[in-house]
Amino acid sequence: MSIDYKQAADEDLCKMHVAGNHSAFEELYNRYFQYCMGYIIKKGVSYLDAEECVQKAFSHSVTRIKNIREFKYFKTWIGRACWNAYLDFYRSKTRRKIESIFSTEKDGHVGDVIKPVAELTEKSLNPSERLCQDDELEAKVNVANKAFKKLNSKFRQVLETCLIKENSYEKTSKILNIPIGTVMSRMYYGRRKFIDIYEYEMKKYKKG
3 MSIDYKQAAD EDLCKMHVAG NHSAFEELYN RYFQYCMGYI IKKGVSYLDA
53 EECVQKAFSH SVTRIKNIRE FKYFKTWIGR ACWNAYLDFY RSKTRRKIES
103 IFSTEKDGHV GDVIKPVAEL TEKSLNPSER LCQDDELEAK VNVANKAFKK
153 LNSKFRQVLE TCLIKENSYE KTSKILNIPI GTVMSRMYYG RRKFIDIYEY
203 EMKKYKKG
């Protein structure tokens, strides 16, 4: 007897998938891919970033569906999985950008001066732990953004063009129409100034 997957309930599709029916998972994917994309994009995420996160969440769900307590709530479960995938993606992306500023060059190599953004684990044991991690990251990102805005514009331009937008010294020099030596100098002093401002603002934040 043929199965009408499009008419099947989420609960039945999940049961079929766990039993080894790959077509059932394909139907779940087709049924909720656009829903998950819309859910993430409404949070202000770009289409490409949202697509990456949704694909990641669905690929992980192949082996995790069996852990859902009640299969009828698959829609809620996959939506949450996609959002968690985005939070992991956002943490990683934000950490890379901020930590690129919190570094200095030593003998031609990049060495860490300070890493204010905590190494937040991707493994949360419970929702409250994950919430604390997200709150911690959000606070540090907000303080970092505040510190960045307080930088002298000449430092901010170089850091943004070279580090955040990932341009070479040479390309940054051409974009800003300044010598490469000036780019390097402003990178160094801009980083140092950023760290000073960040640490000051973090102390203020922690004091409340």
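Residue numbers (the working numbering): 3 to 210.
Glycine is no exception: its CB is placed at the ideal position from the N, C-alpha and C atoms.
Three-state secondary structure (DSSP) of residue i
i, result
"I5", "coil"
"K151", "helix"
"N32", "helix"
"K17", "helix"
"E201", "helix"
"G81", "helix"
Separation of residue j from residue i, as counted between CA atoms
i, j, result
"G46", "G40", "10 Å"
"C167", "K58", "Checking the sequence, you will find Lys at residue 167 rather than Cys. Taking the straight line from one Cα to the other gives about 25 Å."
"S175", "S94", "28 Å"
"G81", "N147", "29 Å"
"S269", "A10", "Absent from the model: residue 269. The displayed extent of the chain is 3 to 210, so no value can be given."
"I180", "K173", "10 Å"
"G192", "V143", "18 Å"
"R33", "N169", "41 Å"
"D51", "H62", "17 Å"
"K209", "F35", "44 Å"
"E54", "N86", "12 Å"
"C38", "S48", "13 Å"
"D14", "G22", "13 Å"
Rounded distance between the beta-carbons of residue j and residue i, thought under 8 Å
i, j, result
"F60", "Y31", "6 Å"
"V160", "M189", "6 Å"
Own chain partners of residue i with C-beta closer than 6 Å, once the 5 adjacent residues on each side are dropped
i, result
"Y207", "V145"
Beta-carbon gap between residue i and residue j smaller than 8 Å
i, j, result
"F73", "C16", "yes"
"I199", "A149", "yes"
"F27", "V64", "yes"
"C84", "I43", "no"
Close beta carbons around residue i, own chain, < 7 Å, minus the five adjacent residues each side
i, result
"Y171", "C164, I182, V185, M186"
"S25", "Y7"
"I67", "C16, H19, V20"
"Y202", "none"
Residues near residue i by beta carbon distance below 8 Å, same chain, minus five either side
i, result
"I70", "C16, F76, W79"
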